[in-house]
Amino acid sequence: MTSAERRQGRYERRKAKREEKRELKIGGFDSFDRVTDLDNLNLAFKQARKIVHWKESVQRYEMNRIPKIIEARKKLIAGENIQEGFIKFRINERGRPRDIDGIQIGERVPVKCLCDQCLVPILTRPLIHDNGASLKGKGVMFSVRRLIAHLSRYFRENGSNEGYALMIDFKRYYDNINHDILIAILKKQIKDRRVMELTEKLIRVFGDGKGLGLGSQVSQIAAIYYPNILDHFIKEKLRLRFYGRYMDDLYLIHSDKQFLQYCLSEIQKVCKTLKITVNLKKTRITKLSDGLIFLKGKYSLLETGKVLRLPCRDSPIRMKRKLKKFKSLLEAGKMSIADIRNAYQSWRGAFKKRFQAHRKVLKIDALYDSLFL
């Protein structure tokens, strides 16, 4: 037996072990029967109604819940179209307008059942630990804590704050996700034919060959998983330990600026295969001592090893504008003082937990007191 044959044999054995391990971990989730199970559909409705139970459409659905769920199950089994059209609206998120393609409750129930029972368990297993967007047990604060941990570990290993961070942003990420590439990637993980067919239908409805709409859970989990090959490339090929991603925002930390420039060129090659465009206007290499901007915060590694956490300028400004808007809504009788207090305390608690900005909080407290006390 030649050395090439021995290597091939070892590869096949490792591959078989990986498949066996995968089957033990997630094989039970890769089944269309989980999507059509009445108990799972009923659970999906209970989860879907949590924050929209006040809507008339949700209340009408709940009044006829059992017949509606049975009807959805019949459509799923028959392979019929479950889509009911989009509810299009625009929101302003952190000062940036976003177009939302919301789905109606009759479609949201089977879609949530598909995601919770199949897609999320299957697609989250191959993700790297430092992919923190919109996953159970993760989120913005998880990604922020990981960044702080990476900066602290970098200081302990290098003994100084002399180093660099490469910040990468994708251009119009959701709008440029290629359907054919995405579906080919998903087929490597999803083996059940009917689960894959339903998932493909829910992806193809967005755009003309590319783009995913905000508002669908399928879009969310697909967008989280889509650059997974890039995450593994950075961790395993480029050997970047201090790396994290939150949807389309990435950071890489290293002591050598030239190496990070090399990393950027290699990352662009991988992005080209995924048909993702790196936004060079927002992509930059900064000194760790100067601070890096990530998720609307500025994080600087000081000479002592401490990580200074400061907010971006626009966050307090937006809160000041909101308070003034709340004042006019209160005077018009469209908002109660209890709702205003809850909204402000929620923002204040999250802001203080995330940033070291005591003086800014005091200033906004003074504005709140002058408006509402």
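Each residue of the sequence shown is one higher than the one before, counting from 3 in the numbering used here.
C-beta: ideal position from N, C-alpha, C; glycine also.
This structure is a prediction, so every number in the text was calculated from the model and none was measured.
What do you get for residue i, buried or exposed, if any count of 16 or more other CB atoms within 10 angstroms of its CB means buried?
i    : result
F357 : buried
S221 : buried
H360 : exposed
S145 : buried
N66  : exposed
Q119 : buried
M321 : buried
V54  : exposed
G139 : exposed
D132 : buried
I366 : buried
Y228 : buried
N163 : buried
Y13  : exposed
T201 : buried
I187 : buried
L204 : buried
L252 : buried
I192 : buried
L364 : exposed
L26  : exposed
I72  : exposed
I84  : buried
Enumerate in chain order the residues of its own chain whose CB-to-CB distance from residue i is below 6 Å, with the five nearest sequence positions on each side excluded.
i    : result
F91  : I102
R180 : Correcting the residue identity first, residue 180 is Asn in this sequence and not Arg. Taken in chain order, the residues that qualify are K212, K277.
Y63  : K70, I107
V197 : F34, C120
G134 : K140, F144, S145, Y248
A46  : V111, K114, C115
K362 : P318
By Cβ distance, which residues of its chain are closer than 7 Å to residue i, with the 5 residues on each side in sequence left out?
i    : result
I342 : F328, L332, F374
G293 : K300, Y301, S302
S136 : Q222, I226
R75  : T38, L40, L43
K60  : Note on residue identity: the sequence assigns Val, not Lys, to residue 60. Excluding sequence neighbours, V60 sits near R51, V54, I107.
I339 : L332, F374
F172 : D250, I278, T279, V280, N281
D194 : D32, S33, F34
M337 : F328, L331
R206 : H181
For residue i versus residue j, is the C-beta distance shorter than 7 Å?
i    : j    : result
Q219 : K114 : yes
Y175 : D250 : yes
L304 : L297 : no
L312 : L369 : no
D32  : I124 : yes
T285 : I170 : yes
F244 : Y166 : no
L184 : A151 : no
E58  : E86  : no
R127 : G246 : no
S257 : N160 : yes
N230 : L116 : no
C265 : L240 : yes
For residue i, which residues in the same chain have their Cβ closer than 8 Å to its Cβ, ignoring the five residues on either side in sequence?
i    : result
I93  : P99, R100, I102
F235 : E268, I269, V272
K259 : Y166, I287
K189 : M198
K283 : none
A345 : K324, F328
Which whole-angstrom value is the C-beta distance of residue i and residue j, which I expect to be below 8 Å?
i    : j    : result
I107 : A50  : 7 Å
L254 : L168 : 4 Å
L153 : L290 : 7 Å
G209 : F88  : Between F88 and G209 the Cβ distance is about 12 Å, and since that is not below 8 Å, they are no contact.
G11  : G104 : Not a contact, Cβ separation roughly 52 Å.
Kindly indicate if chain D contains any beta-carbon less than 7 Å away from that of residue i.
i    : result
I226 : Absent from the structure is chain D; it holds one protein chain and no more.
Could you check whether the Cβ of residue i sits closer than 6 Å to any heavy atom belonging to the ligand NAP?
i    : result
R110 : Absence of the ligand NAP is noted for the structure shown, with no ligands found whatsoever.
Exercise for review: Let me know the beta strand (DSSP E) ranges lying completely inside the region 142-206, each 3 residues or longer, listed in chain order.
Suggested key: 166-171
Point to revise | Length at least 3, wholly inside the region 265-326: the beta strand (DSSP E) runs in chain order | key: 286-289, 294-296, 299-303, 309-313
**Study point:** Whole runs of the alpha helix (DSSP H) within the region 212-248, excluding any shorter than 4 residues
**Key:** 219-227, 230-234
Point to revise | Secondary structure, alpha helix (DSSP H): runs of 4+ residues fully inside the region 42-94 | key: 58-65, 67-80
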